[in-house]
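A.B. asks: My structure is below; once you've seen it, I'll send some questions.
Residue numbers (mature numbering (1 follows the signal peptide of the UniProt record, and there is no 0)): -19 to -1, 1 to 299.
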């Protein structure tokens, strides 16, 4: 700002010929909490300069004694040159209530007025966070911009490229409270083609850079392996379930080497239990007039290997 003061003073020299009092800038737009700076200049001799905010006096300056009033929120600096008498007025921590007119009144000479606009920076967020979808799916992103004044501009970016406005909508709510703030909601529909960086930007004119929120869209060509295996298990059903019959526990496929299914190991202490178990044959029932069912039992040779164990193999053939 210090570098701009000489330029403003030079402009005042050229313009003051057409006006006894010059005020710059004539329009100033700030965010709430910023500092407003204006310069009032004249080539005329003067005695009292009064700064007025929305009709109320906030600072008085005497050409002879300097600043007369004491207000912690306002200040003034003498930046006069040989050609002009100039004072820079500063209004600290501007509030929304300050919005309106700022006047430099050189009493008994002339007054000039500037317009002060105070904007509010809100928050912006894409709801839901990062998203993972299958290629070709349509995904809906929602962006919320809350607590802005005036109504902010809102845009979407995908991989750094601005999205055409026809691809998203914006709805505005407000003013929603005594401060007159606005809320915006925007929905963006995206066809998942590739993994992308999605951003939502909101801004007002006094904001140097937009407020932004971003999420990551991950696009996969197929479901992860673990998910597909789980789905295949959950969708699997046995033949018995499909046909409504019962599973024949005595059946085993030829050449099956799984001892856990075809062999029963019985120790010497449980030999009687084995005999009892063998007495209960498992029936195979087939209702058909076109073929006969032959059931054979074969007992493998008993192998006594010192531990008294005995292996019995039961086979049913159809």
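The C-beta atom is built at its ideal place from N, Cα and C for all residues, glycine as well. From a predicted model like this one, the values you see are computed outputs, not experimental measurements.
Once the 5 residues before and after residue 1 are set aside, which same chain residues still bring their CB inside 7 Å of it?
C.D. replies: Hits under 7 Å: 23, 25, 90 and 91.
A.B. asks: Around the C-beta of residue 75, are 16 or more other C-beta atoms found within 10 angstroms, so that it is buried, or is it exposed?
C.D. replies: Answer is buried; the Cβ neighbour count reaches 16.
A.B. asks: Going by beta carbon distance, what residues of the same chain come within less than 7 Å of residue 35, once the five residues before and after it are set aside?
C.D. replies: 81 and 82, listed in sequence order.
A.B. asks: Which residue's Cα is closest to the Cα of residue 113: 66, 172, 201 and 96?
C.D. replies: Here the closest residue by C-alpha is 201.
A.B. asks: Tell me whether the beta-carbon of residue 179 lies closer than 8 Å to the beta-carbon of residue 198.
C.D. replies: Result yes, Cβ atoms of residue 179 and residue 198 sit closer than 8 Å.
A.B. asks: Just the C-alpha distance for residue 135 and residue 181, rounded to the nearest angstrom, thanks.
C.D. replies: Distance between the alpha carbons of residue 135 and residue 181: 7 Å.
A.B. asks: Quick one: residues in its chain with C-beta nearer than 7 Å to the C-beta of residue 251, no 5 flanking neighbours on either side, listed in chain order?
C.D. replies: Its pLDDT being 39, under 50, residue 251 is placed unreliably in this model, and the coordinates cannot settle the point.
A.B. asks: Answer with yes or no whether the minimum CB distance from residue 73 to chain D is below 8 Å.
C.D. replies: Of the chains in the structure shown, none is chain D; there is only one protein chain.
A.B. asks: Report the residue from 40, 101 and 124 whose alpha carbon sits nearest the alpha carbon of residue 131.
C.D. replies: Nearest of 40, 101 and 124 to residue 131, Cα basis: 101.
A.B. asks: Give, in chain order, every unbroken run of the beta strand (DSSP E) that is at least 3 residues long and sits entirely within the region 106 to 191.
C.D. replies: Segments of the beta strand (DSSP E) lying fully in the region 106 to 191: 112 to 115, 119 to 129, 134 to 139, 149 to 154, 163 to 172 and 177 to 184.
A.B. asks: Give me the residue from 147, 145, 127 and 177 with the minimum Cα distance to residue 155.
C.D. replies: Nearest option by C-alpha distance: 127.
A.B. asks: Decide yes or no for the touch test of the region 63 to 79 against the region 12 to 22: beta carbon pairs closer than 8 Å, at least 3 of them.
C.D. replies: Touching, yes.
A.B. asks: Taking C-alpha atoms, which residue in 118, 94, 99 and 125 lies nearest to residue 109?
C.D. replies: Here the closest residue by C-alpha is 125.
A.B. asks: Cβ atoms of residue 105 and residue 183: under 8 Å apart, would you say?
C.D. replies: In this structure, residue 105 lies closer than 8 Å to residue 183 by Cβ.
A.B. asks: Name the DSSP beta bridge partners of residue 100, please?
C.D. replies: Bridge partners of residue 100: 12.
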